[in-house]
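Engineer: The structure that follows is given in the form of structure tokens.
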Amino acid sequence: MKLILIALLVSSFSFAKKIQIIHTNDLHSFYFGPTKEGDGGYARVKTLIDKLKADANRKGIPSLVLDAGDFGEGSYQFLFDNGIGSFKALDMLGIDAAVVGNHDHMFGGKMLSDQIKESGVKTQLLGANIATTADMKLKGLLKPNAVFDLDVVRVDVIGLTTDSLHFMHQIRPGFIFPPAPVSRAYSKIAREDNSDLIIALTHIGLEKDKKLAKDDPELDLIIGGHSHTRLEKVVHQTNQENRNIPIVQTGAHAMAVGSLILDLKGPKDVEVVSYNLHDALADVAEDEEVKSFVDDVDYRARRALAGNRWNEVIGKSEVDLAGYVNGKQERFDGCWLEHLPKIIQEESDSNVGLYLPNFTGKAISKGNITYGNIVENFPHINEYGRPGWEIMKFKVNGWKLYTLLLALVSADVGDSAPLIGGVEYSLFTFPDSIPWIGGVSFFTRLKINGKTVDFSDMYEVALPFEFSRMLEGLLPKKFSKLFTKDFVRGDWYLWNMAENYIKKHEVISCR
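In the numbering used here, the protein residues as written are 575 to 1085.
Next up, the structure:
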């Protein structure tokens, strides 16, 4: 009888086990946080992670450290030395597993393979819904899931990334499958393998995390990213089995670290004991090793990208330059966004310039604008060693341009609607209540550089080459050929074009 009681007690204790999940997301290589002088930064994040692990360890609680993607592109520090510093940083922060976000495979599968190999990163990189091809050489480097044995607890972490069409081009000729069916497949296996805790480590955004929780009945927890959502409290989503699935996210740009204490009472019986966001405020001591590392990467990045010109003043602005502030995009009065497509149009001597508003970097305060500010505000390149995104042009007749512009301005993409330079227009949309033509739009006025569009004339359209591939996913297929052939390539790179534009205008304003 005593043996039976002892066995029952041991069995119950094996299920009643607390663990800590520490998490970050959307670091975007913001090594110093939003600003070099303020809150945030990798060195403070490291201090917080180490303290959380040590505090839990003293209580006999094991910890697992996860990152929900987009640890790569987003700041200029990622734009030199093949970006390997941002992969090495994962190890320095003590990240056990990270899902690959859309900004982490920005340069394609083969480059991702090279970055993983060159950096020697030990963090397990996940992407269950990313289908790779042999030429990417990612076999064994990118895994669908990772299994961790924490004392008597078996934890299965499934990595899922965004399948949005305008990010799909980066991974071609591979493919990204919808997260839910992939999650169901791997979580079912994890449950059959007697995993005690099944985590979806996602880079799909909060709203899609909620949907995933409803679509996959096996999940116990979702650690999210992509939407840069700062969740002060756990969001619970009821699933098919009437279980409340916890969803957490920390915001972005190395501003905070999340810690979640879970009590695992049995299969599909997980209780959130506590959840906290720990801000990486300026009074948090900086880890010396990580600080030395990021200082060195920053110095070398500035030298590589700008030589001695980083602090060279190239003009002035009467308006704040739109970009990220504390992990969220700020448009301010929208003035700078009006200039972005004009930079591309004017400096490439084209009729129309296109840009997408979400592809800005750090916001820049009004006043003197330096060359380094341009790099910070446009932290994107097509190829390492280039001064910003390459700009390309194509020719199209007036009728096709009309059709293309109508598709762009009519696309239901919210704040992601393309910015258009050199064009004036008025748009009319039939009320939805009208049969057959409800919702159909047409231009009542369309002028290119002040002149009404002539359907028989030829026009030049300039845009970043990256956007040509993104727009293939946003527009009907009949337009895709406009972006895949007959490009004119010149020596047009965004940083140089922005510099020339600002120097020419001297003062940026919208008066």
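From the three backbone atoms N, C-alpha and C, an ideal C-beta is built for every residue, glycine too.
What you are looking at is a predicted structure, and each value in this text was computed from that prediction instead of being measured.
In three-state DSSP terms, what is Trp1010?
Structural biologist: As a first step, residue 1010 is located in the sequence shown; it is residue number 436 there, counting from the start. Trp1010 falls in the coil class under three-state DSSP.
Engineer: At a cut of 8 Å, does the segment 718-730 reach the segment 657-667 through at least three beta carbon pairs?
Structural biologist: No: the two stretches stay apart, fewer than three of their Cβ pairs being nearer than 8 Å.
Engineer: Give the straight-line distance between the Cα atoms of Leu583 and Asp986, rounded to the nearest whole angstrom.
Structural biologist: To locate residue 583, count along the sequence shown from 1; it is residue 9. To locate residue 986, count along the sequence shown from 1; it is residue 412. No answer about Leu583 holds up, because its pLDDT of 44 lies below 50 and its placement is not dependable.
Engineer: What residue range is occupied by the uninterrupted alpha helix (DSSP H) comprising Met742?
Structural biologist: The residue given as residue 742 occupies position 168 in the sequence shown. Residues Leu739 to Met742.
Engineer: Considering just the uninterrupted stretch of the beta strand (DSSP E) at His597, what are its terminal residues?
Structural biologist: As a working mapping, residue 597 is identified with position 23 in the sequence shown. First-last of the beta strand (DSSP E) with His597: Lys591 to Thr598.
Engineer: For the structure I just gave you, are there three or more beta carbon pairs, one from the segment 620-638 and one from the segment 663-672, closer than 8 Å?
Structural biologist: Yes: at least three Cβ pairs fall under 8 Å.
Engineer: Give me the residue from Ile994, Asp641 and Gly646 with the minimum Cα distance to Pro953.
Structural biologist: Translated into positions along the sequence shown, residue 953 becomes position 379. Nearest C-alpha to Pro953: Gly646.
Engineer: How far does the beta strand (DSSP E) with Asp549 in it extend, from its first residue to its last?
Structural biologist: Any question about residue 549 goes unanswered here, given that the chain covers just 575 to 1085.
Engineer: Can you grab the Cα-Cα spacing for the pair Phe741 / Asn676, in whole Å?
Structural biologist: As a working mapping, residue 741 is identified with position 167 in the sequence shown. As a working mapping, residue 676 is identified with position 102 in the sequence shown. Taking the straight line from one Cα to the other gives about 6 Å.
Engineer: Hey, how far is the Cα of Tyr898 from the Cα of Thr1026?
Structural biologist: One-based indexing of the sequence shown puts residue 898 at position 324. One-based indexing of the sequence shown puts residue 1026 at position 452. Each residue's alpha carbon lies about 37 Å from the other.
Engineer: Please classify Gly1064 as buried or exposed, where buried requires at least 16 other C-beta atoms within 10 Å of its C-beta.
Structural biologist: In the sequence shown, counting from the first residue as 1, residue 1064 sits at position 490. Under this definition Gly1064 is an exposed residue.
Engineer: Is Ala875 helix, strand or coil when you go by DSSP?
Structural biologist: On the sequence shown, position 301 is the one that residue 875 refers to. Helix.
Engineer: Kindly indicate the opening and closing residues of the alpha helix (DSSP H) around Asp688.
Structural biologist: Reading the sequence shown from its first residue, position 114 is the one you call residue 688. Gly683 to Ser693 is the extent of the alpha helix (DSSP H) around Asp688.
Engineer: Tell me the DSSP secondary structure of Leu1116 in three-state form.
Structural biologist: Residue 1116 lies beyond the residue range present for the chain, which begins at 575 and ends at 1085; the question has no answer from this structure.
Engineer: Roughly how many angstroms separate the alpha carbons of Ala880 and Asn1074, rounded to a whole number?
Structural biologist: As a first step, residue 880 is located in the sequence shown; it is residue number 306 there, counting from the start. As a first step, residue 1074 is located in the sequence shown; it is residue number 500 there, counting from the start. Those two C-alpha atoms are separated by around 15 Å.
Engineer: Around the Cβ of Phe1029, are there at least 16 other Cβ atoms within 10 angstroms (buried) or fewer (exposed)?
Structural biologist: Taking the sequence shown and counting its residues from 1, the one referred to as residue 1029 is at position 455. Classification for Phe1029: exposed.
Engineer: Using 8 Å as the threshold, is the segment 596-605 in touch with the segment 921-930, meaning 3 or more CB pairs across them?
Structural biologist: Flag = no, the segment 596-605 and the segment 921-930 do not touch.
Engineer: Under DSSP, the alpha helix (DSSP H) around Trp963 begins and ends at which residues?
Structural biologist: Sequence index remark: in the sequence shown, residue 963 carries index 389 (1-based). Note, Trp963: premise wrong, no alpha helix (DSSP H); not H, not E.
Engineer: Over the uninterrupted beta strand (DSSP E) stretch that includes Ile888, give me the two end residues.
Structural biologist: One-based indexing of the sequence shown puts residue 888 at position 314. Start and end: Val887 to Ser891.
Engineer: Here's the rule I'm using: 16 or more other beta-carbon atoms within 10 Å means buried, otherwise exposed. How should Val847 be labelled?
Structural biologist: Within the sequence shown, the letter at position 273 stands for residue 847. The residue is exposed, with fewer than 16 neighbouring Cβ atoms inside 10 Å.
Engineer: Would you kindly check if the distance between the Cβ of Ala754 and the Cβ of Asp790 is under 8 Å?
Structural biologist: Mapped onto the sequence shown, residue 790 falls at position 216. Mapped onto the sequence shown, residue 754 falls at position 180. Result yes, Cβ atoms of Asp790 and Ala754 sit closer than 8 Å.
Engineer: Quick check on Lys967: buried or exposed, where buried means 16 or more other Cβ atoms within 10 Å of its Cβ?
Structural biologist: The residue given as residue 967 occupies position 393 in the sequence shown. Buried, because 16 or more other Cβ atoms sit within 10 Å of the Cβ of Lys967.
Engineer: Return the CA-CA distance between Gly832 and Ala875, expressed in angstroms with no decimal places.
Structural biologist: On the sequence shown, position 258 is the one that residue 832 refers to. On the sequence shown, position 301 is the one that residue 875 refers to. Their Cα atoms are separated by approximately 29 Å.
Engineer: Just tell me which of Trp973, Ser687 and Thr735 has its CA closest to the CA of Asp641.
Structural biologist: In the sequence shown, counting from the first residue as 1, residue 641 sits at position 67. Looking at the Cα atoms, Thr735 is the closest of the given residues.
Engineer: Tell me which residues share the same chain as Trp1069 and place their Cβ nearer than 7 Å to its Cβ, disregarding the 5 neighbours each side in the sequence.
Structural biologist: On the sequence shown, residue 1069 is found 495 positions in, with the first residue counted as 1. Excluding sequence neighbours, Trp1069 sits near Ile948, Val949, Phe952, Pro961 and Gly962.
Engineer: Closest to Phe652 by C-alpha separation, out of Glu964, Val673 and Phe606, would be which residue?
Structural biologist: Taking the sequence shown and counting its residues from 1, the one referred to as residue 652 is at position 78. Out of Glu964, Val673 and Phe606, Phe606 has the C-alpha closest to the C-alpha of Phe652.
Engineer: Along the chain, where does the alpha helix (DSSP H) containing Ala754 start, and where does it finish?
Structural biologist: If you number the sequence shown from 1, residue 754 lands on position 180. Element bounds for Ala754: Pro753 to Glu766.
Engineer: Decide if Lys936 is buried, meaning its Cβ has at least 16 other Cβ atoms within 10 Å, or exposed.
Structural biologist: Mapped onto the sequence shown, residue 936 falls at position 362. Flag for Lys936 reads buried.
Engineer: Between Gly627 and the rest of its own chain, which residues show a CB-CB distance below 8 Å, the 5 nearest in sequence each way excluded?
Structural biologist: Position 53 of the sequence shown, counted from the start, is the residue given in the question as residue 627. It is worth fixing the name first, because residue 627 is Lys in this sequence and not Gly. So the qualifying residues of the chain are Gln594, Ile596, Ser637, Val639 and Gly668.
Engineer: From what residue to what residue does the alpha helix (DSSP H) around Gln919 run?
Structural biologist: For the purposes of this step, residue 919 is taken as residue 345 along the sequence shown, with counting starting at 1. It spans Cys909 to Glu921 - the alpha helix (DSSP H) in which Gln919 sits, taken as one unbroken run.
Engineer: Quick check on the DSSP output: the beta strand (DSSP E) that includes Val1035 runs from which residue to which?
Structural biologist: Here the question's residue 1035 lines up with position 461 in the sequence shown. Residues Met1032 to Pro1038.
Engineer: Taking the straight line between their C-alpha atoms, what separation do you get for Asn885 and Ser984?
Structural biologist: Walking along the sequence shown from the start, residue 885 turns up at place 311. Walking along the sequence shown from the start, residue 984 turns up at place 410. Between Asn885 and Ser984, the C-alpha separation is close to 41 Å.
Engineer: Provide the residue span of the alpha helix (DSSP H) that contains His1079, from first to last.
Structural biologist: Indexing the sequence shown from 1 puts residue 1079 at position 505. Taken as a continuous stretch (DSSP letters only), the alpha helix (DSSP H) holding His1079 covers Leu1068 to His1079.
Engineer: Over what stretch of residues does the beta strand (DSSP E) that includes Ser984 continue unbroken?
Structural biologist: If you number the sequence shown from 1, residue 984 lands on position 410. From DSSP, Ser984 is part of no beta strand (DSSP E) but of the alpha helix (DSSP H) over Gly972 to Ser984.
Engineer: Within 10 Å of its beta-carbon, does Thr1018 have 16 or more other beta-carbons around it, so buried, or fewer, so exposed?
Structural biologist: Translated into positions along the sequence shown, residue 1018 becomes position 444. Flag for Thr1018 reads exposed.
Engineer: Measure the alpha-carbon distance for Glu1034 versus Glu964 and round it to whole angstroms.
Structural biologist: Your numbering for residue 1034 matches position 460 in the sequence shown. Your numbering for residue 964 matches position 390 in the sequence shown. For Glu1034 and Glu964, the distance between alpha carbons rounds to 16 Å.
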